[in-house]
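Residue numbers (this note's numbering): 1453 to 1976.
C-beta: ideal position from N, C-alpha, C; glycine also.
Notes follow once the structure below has been shown.
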């Protein structure tokens, strides 16, 4: 099955059903199908087709979602750009992907103009919702000139669906190549584990950015179930809570930072009517047990935690609704798990550098290795990096975890974030979870900083709850009661907020930079 097949099936069978509403316009499946045809035809006239790359720069919009479907139909390869990046970073990605066409929303046209002369490989610059500009094609006029019937090139499940770039926290961003087959496999794997499958006409809310694998996967999940999509331009907790209730949303995906914001920044969230919300999926970054328990109490629906990464299409493991219910019934610690491997996915936990095929040892902390039909095809134009990451068919995730005898995975940290202090391996996430259990602490991150005696020492960055106070000694004392002595951070900085990327992950490279500039760090 190809990415666009479920969409086209619903367009044929339920043409008048709402397909997408992005706040500026609403389209039925029939209207969307006609527009997808026009976009696909227009792309063919620009020389796009099977394997040809193009880039798209905008915040969430119906146009961007339709673009993925049109490209899927003709085999063209979208390269969605993170709108939060600097112009020089866009330039690198566009050039590396060898994109020949660039679609840009009005608010980013000026920034692209600044690097246009450095993009010789781009033959067509298309401005979306912008006034006429010299040397730019007007998107609406271009679209209106196309027919909605296009001759579709022959593509199959081995064809490339999209190319997304990793965040580049350890160097230049890498282009992750995902095929139609990997996508179809990942969707069917998750459907096997969902208790209440989406029904045609259900409503899904999408708020995570469409340049991220999680958001495109959530849209595909909605299409797979024949749902209608409410697509928000960007995250605002008041708008999210209002949309969930007012639009009678049945399903959504939120990253933990979004869940926390909805619970703490929307005063009446606990008094809203959540009877229509059937399923809330979360993932992409760690969540505290207290925040998750509070969310489960407020929203009172099925919760699913998804763990994965761009290189695995989206999802490797799922902590299901039944697991969440068991945790509420007293199975201590289960909420801290990322769940079990999806059907057809195989996981191993190995010591760093261990490439043997030995079975995982219960309780051993090591790197997660994964194998399954949802793995990436390659890193674009990086054959050595592809081999290193996909050694012997096992994808090396870079995540440190342990697996229990029942197959539940417990993520400890990124391997590169591990701190080596006095010869001891310390996983900061364990300390962060302890800190987040303190009633006065709203957010926390722990890093390793240079130390002449121990090599590295722990430093905790702490965001306090409003109108609360805490001293360094109180933090140390709290940790001493719950952690071994070598895991207790002796240094603490109180900050207003932690730097995070759009999916809620703390940017520890930003936190570490002032301490490690000009120094070599053994880990990461």
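Where residue i sits in the DSSP three-state scheme
{"i": "residue 1687", "result": "coil"}
{"i": "residue 1865", "result": "strand"}
{"i": "residue 1460", "result": "helix"}
{"i": "residue 1844", "result": "helix"}
{"i": "residue 1466", "result": "coil"}
{"i": "residue 1728", "result": "coil"}
{"i": "residue 1494", "result": "helix"}
{"i": "residue 1542", "result": "helix"}
{"i": "residue 1967", "result": "helix"}
{"i": "residue 1701", "result": "coil"}
{"i": "residue 1670", "result": "helix"}
{"i": "residue 1945", "result": "strand"}
{"i": "residue 1633", "result": "helix"}
{"i": "residue 1582", "result": "coil"}
Residue environment, residue i, which counts as buried when at least 16 other CB atoms sit within 10 Å
{"i": "residue 1725", "result": "exposed"}
{"i": "residue 1650", "result": "buried"}
{"i": "residue 1925", "result": "exposed"}
{"i": "residue 1720", "result": "exposed"}
{"i": "residue 1606", "result": "exposed"}
{"i": "residue 1764", "result": "buried"}
{"i": "residue 1819", "result": "buried"}
{"i": "residue 1596", "result": "exposed"}
{"i": "residue 1690", "result": "exposed"}
{"i": "residue 1644", "result": "exposed"}
{"i": "residue 1396", "result": "The shown model of the chain, from 1453 to 1976, leaves out residue 1396, and the question about it has no answer."}
{"i": "residue 1474", "result": "buried"}
{"i": "residue 1749", "result": "exposed"}
{"i": "residue 1866", "result": "buried"}
{"i": "residue 1608", "result": "exposed"}
{"i": "residue 1839", "result": "exposed"}
{"i": "residue 1566", "result": "exposed"}
{"i": "residue 1717", "result": "exposed"}
{"i": "residue 1776", "result": "buried"}
{"i": "residue 1708", "result": "buried"}
{"i": "residue 1896", "result": "buried"}
{"i": "residue 1664", "result": "buried"}
{"i": "residue 1431", "result": "Shown here, the chain extends from 1453 to 1976; a query on residue 1431 therefore has no answer."}
{"i": "residue 1622", "result": "Residue confidence is low: residue 1622 scores 48 on pLDDT, short of 50, so the model does not pin down where it sits. Its coordinate-derived value is still stated next. Exposed, since its Cβ has fewer than 16 Cβ neighbours within 10 Å."}
Bounding residues of the alpha helix (DSSP H) (the contiguous stretch that carries residue i)
{"i": "residue 1769", "result": "No alpha helix (DSSP H) contains residue 1769, which is instead part of the beta strand (DSSP E) from 1769–1771."}
{"i": "residue 1886", "result": "1880–1888"}
{"i": "residue 1594", "result": "1591–1596"}
{"i": "residue 1926", "result": "1924–1932"}
{"i": "residue 1751", "result": "1741–1751"}
{"i": "residue 1803", "result": "No alpha helix (DSSP H) holds residue 1803; DSSP gives it neither H nor E."}
{"i": "residue 1516", "result": "1514–1526"}
{"i": "residue 1712", "result": "1708–1717"}
Separation of residue j from residue i, as counted between CA atoms
{"i": "residue 1828", "j": "residue 1631", "result": "7 Å"}
{"i": "residue 1904", "j": "residue 1498", "result": "59 Å"}
{"i": "residue 1915", "j": "residue 1955", "result": "19 Å"}
{"i": "residue 1957", "j": "residue 1601", "result": "42 Å"}
{"i": "residue 1579", "j": "residue 1593", "result": "10 Å"}
{"i": "residue 1546", "j": "residue 1564", "result": "11 Å"}
{"i": "residue 1890", "j": "residue 1493", "result": "57 Å"}
{"i": "residue 1696", "j": "residue 1730", "result": "11 Å"}
{"i": "residue 1868", "j": "residue 1598", "result": "49 Å"}
{"i": "residue 1798", "j": "residue 1852", "result": "16 Å"}
{"i": "residue 1676", "j": "residue 1639", "result": "8 Å"}
{"i": "residue 1699", "j": "residue 1918", "result": "31 Å"}
{"i": "residue 1459", "j": "residue 1517", "result": "11 Å"}
{"i": "residue 1467", "j": "residue 1674", "result": "16 Å"}
{"i": "residue 1464", "j": "residue 1778", "result": "41 Å"}
{"i": "residue 1791", "j": "residue 1855", "result": "10 Å"}
{"i": "residue 1706", "j": "residue 1751", "result": "13 Å"}
{"i": "residue 1588", "j": "residue 1834", "result": "32 Å"}
{"i": "residue 1771", "j": "residue 1456", "result": "28 Å"}
Beta-bridge pairing of residue i - partner residues as DSSP gives them
{"i": "residue 1560", "result": "According to DSSP, which records beta bridges pairwise, residue 1560 is partnered with nothing at all."}
{"i": "residue 1831", "result": "1628"}
{"i": "residue 1680", "result": "1655"}
{"i": "residue 1508", "result": "1532 and 1555"}
{"i": "residue 1792", "result": "1770"}
{"i": "residue 1550", "result": "Paired residues: none, contrary to the question."}
{"i": "residue 1616", "result": "1628"}
{"i": "residue 1853", "result": "1818 and 1863"}
Residue span of the beta strand (DSSP E) that contains residue i, given as start and end
{"i": "residue 1479", "result": "1478–1480"}
{"i": "residue 1759", "result": "1754–1759"}
{"i": "residue 1815", "result": "It is not in any beta strand (DSSP E) - residue 1815 carries neither H nor E in the DSSP assignment."}
{"i": "residue 1873", "result": "1871–1873"}
{"i": "residue 1908", "result": "1907–1916"}
{"i": "residue 1781", "result": "Counting along the chain, residue 1781 falls outside any beta strand (DSSP E), and DSSP gives it neither H nor E."}
Check: residue i C-beta below 7 Å from any heavy atom of the ligand SAH
{"i": "residue 1506", "result": "Ligands displayed in this structure: none; no statement on the ligand SAH is therefore possible."}
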